[in-house]
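Notes follow once the structure below has been shown.
Numbering (our numbering), first residue to last: 19 to 194.
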């Protein structure tokens with residue numbers, strides 16, 4: 019039995035959820051998100067609460083995933099999502115201008131990124147990147163793409179890491 023799929027989603031007053039065929043649209047103070055949901059999962063909304071049920075026992079994983087996706091959409095349009103990245107290394111720095119992010123992380127050339135639609139990128143400090151948006155998937159994917167430019171290495175700890183990420187350090191080679 020899917021425990022996550024059985025949880026009830028409480029919808030805040032400032033958020034409206036509407037179903038149009040197999041698509042569910044969520045509108046809130048921060049914006050609007052629309053997503054396709056599989057018709058095998060039954061969506062019920064009453065008195066500010068949303069429940070999901072499945073049509074057969076073979077749809078357990080889809081049941082929990084659908085509920086989690088809708089809960090993430092509601093949280094995104096209500097409060098939004100933020101990912102923070104930290105650059106660790108001598109001379110590593112980031113600069114955001116509008117939708118463009120420029121990274122200097124030890125390569126012979128700067129690495130540039132264009133922020134996806136609905137995502138804002140700021141650099142509060144030269145070694146900190148803050149990514150904000152209403153879609154959990156888009157914010158997380160963009161943060162992962164930035165981190166992949168220079169993932170943290172275990173010997174000196176240099177690289178781009180999430181703010182709360184712990185990098186396990188290794189001991190280097192020893193001489194004779």
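C-beta atoms are modelled at their ideal positions from N, C-alpha and C, and glycine is treated no differently.
Residue 58: buried (16+ other C-beta within 10 angstroms of its C-beta) or exposed?
-> One-based indexing of the chain shown puts residue 58 at position 40. Residue 58 is exposed by the Cβ-count criterion.
Distance between residue 179 and residue 187 (C-alpha atoms, nearest Å) = The residue you call residue 187 lines up with position 169 of the chain shown. The residue you call residue 179 lines up with position 161 of the chain shown. For residue 187 and residue 179, the distance between alpha carbons rounds to 14 Å.
When burial is assigned at 16 or more other CB atoms within 10 Å of the CB, is residue 22 buried or exposed?
-> Start at 1 with the first residue of the chain shown, and residue 22 comes out as number 4. Label assigned to residue 22: exposed.
Under the three-state DSSP convention, the category residue 52 falls into | Position 34 of the chain shown, counted from the first residue, corresponds to residue 52. Residue state, collapsed to three classes: strand.
Would you decide whether residue 74 is buried or exposed? Buried here means 16 or more other CB atoms lie within 10 Å of its CB.
-> For the purposes of this step, residue 74 is identified with residue 56 of the chain shown, where counting begins at 1. The residue is exposed, with fewer than 16 neighbouring Cβ atoms inside 10 Å.
Which class does residue 143 belong to by DSSP, given the choice of helix, strand or coil?
-> The residue you call residue 143 lines up with position 125 of the chain shown. Here residue 143 sits in strand by DSSP.
Can you grab the Cα-Cα spacing for the pair residue 189 / residue 173, in whole Å?
-> Taking the chain shown and counting its residues from 1, one reaches residue 189 at position 171. Taking the chain shown and counting its residues from 1, one reaches residue 173 at position 155. Their Cα atoms are separated by approximately 7 Å.
Please check the pair residue 141 and residue 130, which I expect to be a contact at CB under 8 Å, by giving their CB distance rounded to whole angstroms.
-> On the chain shown, residue 141 is found 123 positions in, with the first residue counted as 1. On the chain shown, residue 130 is found 112 positions in, with the first residue counted as 1. No, residue 141 and residue 130 are not in contact; Cβ-Cβ is about 14 Å, not under 8 Å.
From the DSSP output, in three-state form, read off residue 75 for me.
-> Stepping through the chain shown from its first residue, residue 75 is reached at position 57. DSSP places residue 75 in helix when its eight states are reduced to three.
Which residues does DSSP pair with residue 28 in a beta bridge?
-> Within the chain shown, residue 28 is the residue found at index 10, counting from 1. Paired residues: 67.
Counting only the same chain and skipping the five closest in sequence on each side, list residues whose C-beta sits under 8 Å from that of residue 136.
-> Sequence index remark: in the chain shown, residue 136 carries index 118 (1-based). These residues qualify, in order along the chain: 49, 151, 152, 153 and 156.
Between the C-alpha atoms of residue 26 and residue 52, what's the straight-line distance to the nearest angstrom?
-> The count along the chain shown starts at 1 and reaches residue 26 at position 8. The count along the chain shown starts at 1 and reaches residue 52 at position 34. Spanning the two alpha carbons is a distance of roughly 20 Å.
Under a Cβ-count criterion, where at least 16 other Cβ atoms within 10 Å of its own Cβ denotes burial, should residue 92 be classed as buried or exposed?
-> As a position in the chain shown, residue 92 is number 74, starting the count at 1. Label assigned to residue 92: buried.
Can you tell me whether residue 101 is buried or exposed, with buried defined as 16 or more other CB within 10 angstroms of its CB?
-> Indexing the chain shown from 1 puts residue 101 at position 83. Buried, because 16 or more other Cβ atoms sit within 10 Å of the Cβ of residue 101.
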